[in-house]
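As numbered in this note's numbering, residues 665 to 803 make up the sequence shown, in order. Here the structure comes first, spelled out in structure tokens, and everything after it is commentary.
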Amino acid sequence: MNEELLMEVLSQSRKKYGCVSEIGRMTKELAEALSRNDKVSAQLLLEMRGEEMAKADTCEKNIRLLVEEAGIQDRERLECLLYRKGEYGKPEEESGQEAFLMKQINDVNTKIRDILKNAITVDKVVSKRMAGEESFYKE
Numbered sequence: 665m666n667e668e669l670l671m672e673v674l675s676q677s678r679k680k681y682g683c684v685s686e687i688g689r690m691t692k693e694l695a696e697a698l699s700r701n702d703k704v705s706a707q708l709l710l711e712m713r714g715e716e717m718a719k720a721d722t723c724e725k726n727i728r729l730l731v732e733e734a735g736i737q738d739r740e741r742l743e744c745l746l747y748r749k750g751e752y753g754k755p756e757e758e759s760g761q762e763a764f765l766m767k768q769i770n771d772v773n774t775k776i777r778d779i780l781k782n783a784i785t786v787d788k789v790v791s792k793r794m795a796g797e798e799s800f801y802k803e
């Protein structure tokens, strides 16, 4: 697989990780603000979190463009690497640097999934508290 492609995917994944980390942090702060009935802070955090979500979406779009531009074989391996929780084929077939980059991409994306899972758990509680029956997560 092309090293330059892997390096760019890793770069975009790291940027996305930074955004997702902020989203997770702000989601926790939002829950704390709501528990204090601090509506001003809650509103500010919602706006800031929305901005970080937009940045994370931009990174994801950039990653998808990189994947689409790759050759068929590389595209399939990248899709596995990015979206199938670590099932990224046979890294031993890659050169040392390429295998290293693939592992880095996998590790960053695993961290992103973990942060998002935790943020969604907190967000469900926040949403149900704020919106009640109108919650995005209504059952």
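We put the CB at the ideal spot given by N, CA and C, even for glycine.
Spatial distance of residue i from residue j (CA atoms)
i           : j           : result
residue 700 : residue 736 : 52 Å
residue 742 : residue 731 : 7 Å
residue 800 : residue 763 : 40 Å
Of the residues the options, the one placed nearest residue i, counting alpha carbons only
i           : options            : result
residue 669 : 794, 769, 687      : 769
residue 747 : 774, 696, 694, 784 : 774
residue 706 : 798, 718, 689, 719 : 689
Beta-carbon proximity check, residue i vs residue j, cutoff 9 Å
i           : j           : result
residue 698 : residue 794 : yes
residue 716 : residue 744 : no
residue 713 : residue 694 : yes
residue 691 : residue 772 : no
residue 687 : residue 780 : yes
residue 734 : residue 782 : no
residue 767 : residue 723 : no
Close Cβ partners of residue i (< 7 Å) along its chain, the five nearest in sequence each way excluded
i           : result
residue 673 : 727, 730, 742, 769
Buried or exposed by the 16-neighbour rule on C-beta atoms within 10 Å, applied to residue i
i           : result
residue 704 : exposed
residue 718 : exposed
Close beta carbons around residue i, own chain, < 6 Å, minus the five adjacent residues each side
i           : result
residue 738 : 665
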